[in-house]
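Asks:
Numbering (the numbering used here), first residue to last: -16 to 264.
(1) With residue 226 as the anchor, note down where its beta strand (DSSP E) starts and where it stops.
(2) Figure out for me which residue from 115, 209, 15 has the closest Cα to the Cα of residue 222.
(3) Should residue 209 be labelled buried (16 or more other beta-carbon atoms within 10 Å of its own) or exposed?
(4) Under the three-state reduction of DSSP, which class applies to residue 141: helix, strand or coil?
(5) Express the C-alpha separation of residue 16 and residue 5 in angstroms, rounding to a whole number.
(6) Can you tell me the Cα-Cα spacing of residue -4 and residue 84, whole angstroms?
(7) What residue from 25, 58, 32 has the CA that sits closest to residue 219's CA?
(8) Opposite residue 100 in the DSSP bridges: which residues?
(9) With DSSP as the reference, identify every bridge partner of residue 246, one or two as the case may be.
(10) Who are the near neighbours of residue 98 in its chain, counting only those whose CB is closer than 7 Å to its CB and skipping five residues on each side?
(11) Among 120, 194, 238, which residue has its Cα nearest to the Cα of residue 187?
(12) Please go through the region 156 to 226 and give each complete beta strand (DSSP E) segment of 3 or more residues, from N-terminal end onward.
(13) Can you list, in chain order, the residues of its chain with a C-beta nearer than 6 Å to that of residue 55? Leave out the 5 residues immediately preceding and following it.
(14) For residue 263, name the three-state secondary structure that DSSP assigns.
(15) State the DSSP-derived secondary structure class of residue 35, mapped to helix, strand or coil.
(16) Have a look at 47, 139, 199, 193 and flag the residue whose alpha-carbon is nearest the alpha-carbon of residue 170.
(17) So, with DSSP's three-state summary, where would you put residue 125?
(18) Between which two residues does the alpha helix (DSSP H) carrying residue 81 extend?
(19) Can you give me the start and stop residues for the beta strand (DSSP E) that residue 17 sits inside?
(20) How should residue 174 be labelled, buried or exposed, when 16 other C-beta atoms within 10 angstroms of its C-beta is the threshold for buried?
(21) Using DSSP's beta-bridge definition, name the partner residues of residue 253.
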């Protein structure tokens, strides 16, 4: 693996969910889509957990007496991060066979959980005048560097798990291929947008590639890939569970750990320790 985390050759088993073309797309463009790889049982569980965590966030907003918390806007857009230890069921998915296959294919034999979050767009009002909010062009690594200027880290991996069929109408993502904007090994400067609190890392005219996929699909992309999402103009929520993994712990410029660094796979072997992880709550 090189300085920027280029993954080793993909080993594909006969039962693999990942084909050589996925690997080629990821290396060339910085993203790929694995269609319908989450099984029905896990998909149902994730939807139930999503409803629970959104309700908990609404209660938290009630206690704070506000409708806005960071980039969360009540009823319109939710970002709920690093709460998986509050669930009995989520670790089984985060550290399960599917995520192990995906992460080792694109990161290599060593994998750590870096972050996880729910990303939910609220339904539009019946007359369509109040859609679930869009999200501006950004790099995931741009959020790290905005808060910690000068931070250098290997690109990490985002697994954007669609809990609903995703389309332009309900607020799916668009991704800019690396070569279109020179993002492969580069983190752009980001600015904060007034009103939404979004960070914006690109203000050009390239529309990117729209990701439309059925529920149970996983869009996999590099943390340096520029992406955005459209408003949700439908009468239903658009729900996503997002897990992020790194090939090594990520640190701040002062040497302290940034985010999580929960061991998942070491030298190709499963090493996650559930009991020890729960003690970190």
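For every residue, glycine included, the Cβ atom is placed at its ideal position computed from N, Cα and C.
Note that the structure is predicted; figures quoted are calculated from it, not measured.
Replies: On the basis of the data shown:
(1) In the chain shown, counting from the first residue as 1, residue 226 sits at position 243. Counting along the chain, the beta strand (DSSP E) containing residue 226 begins and ends at 221 to 229.
(2) As a first step, residue 222 must be located in the chain shown, where it is residue number 239. Closest by alpha carbon: 115.
(3) Counted from its first residue, the chain shown places residue 209 at position 226. So residue 209 ends up on the buried side.
(4) Here residue 141 is taken as the residue at index 158 of the chain shown, counted from 1. Of the three classes helix, strand and coil, the one that applies to residue 141 here is strand, per DSSP.
(5) Numbered from its first residue, the chain shown carries residue 5 at position 22. Numbered from its first residue, the chain shown carries residue 16 at position 33. Cα to Cα, residue 5 sits roughly 7 Å from residue 16.
(6) Within the chain shown, numbered from 1, the residue matching residue -4 stands at position 13. Within the chain shown, numbered from 1, the residue matching residue 84 stands at position 101. The predicted position of residue -4 is uncertain, since its pLDDT is 37 and thus under 50; a value taken from the coordinates is nonetheless stated next. About 10 Å.
(7) Looking up residue 219 in the chain shown gives position 236. Nearest option by C-alpha distance: 58.
(8) As a first step, residue 100 is located in the chain shown; it is residue number 117 there, counting from the start. The secondary-structure analysis by DSSP pairs residue 100 across a beta bridge with 64, 225.
(9) On the chain shown, position 263 is the one that residue 246 refers to. 95, per the DSSP bridge assignment.
(10) Looking up residue 98 in the chain shown gives position 115. Within the same chain, residue 98 has close Cβ partners 64, 65, 227, 242, 243.
(11) Here residue 187 refers to the residue found at position 204 when the chain shown is read from its first residue. Nearest C-alpha to residue 187: 120.
(12) Secondary structure within the region 156 to 226: the beta strand (DSSP E) runs of 3 or more consecutive residues, fully enclosed, are 156 to 158, 201 to 205, 210 to 212 (chain order).
(13) Taking the first residue of the chain shown as position 1, residue 55 is located at position 72. So the list reads 61, 62, once near-sequence residues are dropped.
(14) Numbered from 1 along the chain shown, position 280 holds the residue referred to as residue 263. In the displayed model, residue 263 falls within coil according to three-state DSSP, outside both helix and strand.
(15) Translated into positions along the chain shown, residue 35 becomes position 52. The answer is helix: DSSP assigns residue 35 an H, G or I state.
(16) Translated into the one-based positions of the chain shown, residue 170 becomes position 187. Ranking 47, 139, 199, 193 by Cα distance to residue 170 puts 139 first.
(17) Numbered from its first residue, the chain shown carries residue 125 at position 142. Of the three classes helix, strand and coil, the one that applies to residue 125 here is helix, per DSSP.
(18) As a position in the chain shown, residue 81 is number 98, starting the count at 1. Taken as a continuous stretch (DSSP letters only), the alpha helix (DSSP H) holding residue 81 covers 80 to 90.
(19) The residue you call residue 17 lines up with position 34 of the chain shown. Start and end: 14 to 17.
(20) For this step, residue 174 is matched to residue 191 along the chain shown. Residue 174 comes out exposed.
(21) By one-based count along the chain shown, residue 253 stands at place 270. Note: residue 253 sits in a beta bridge opposite 248.
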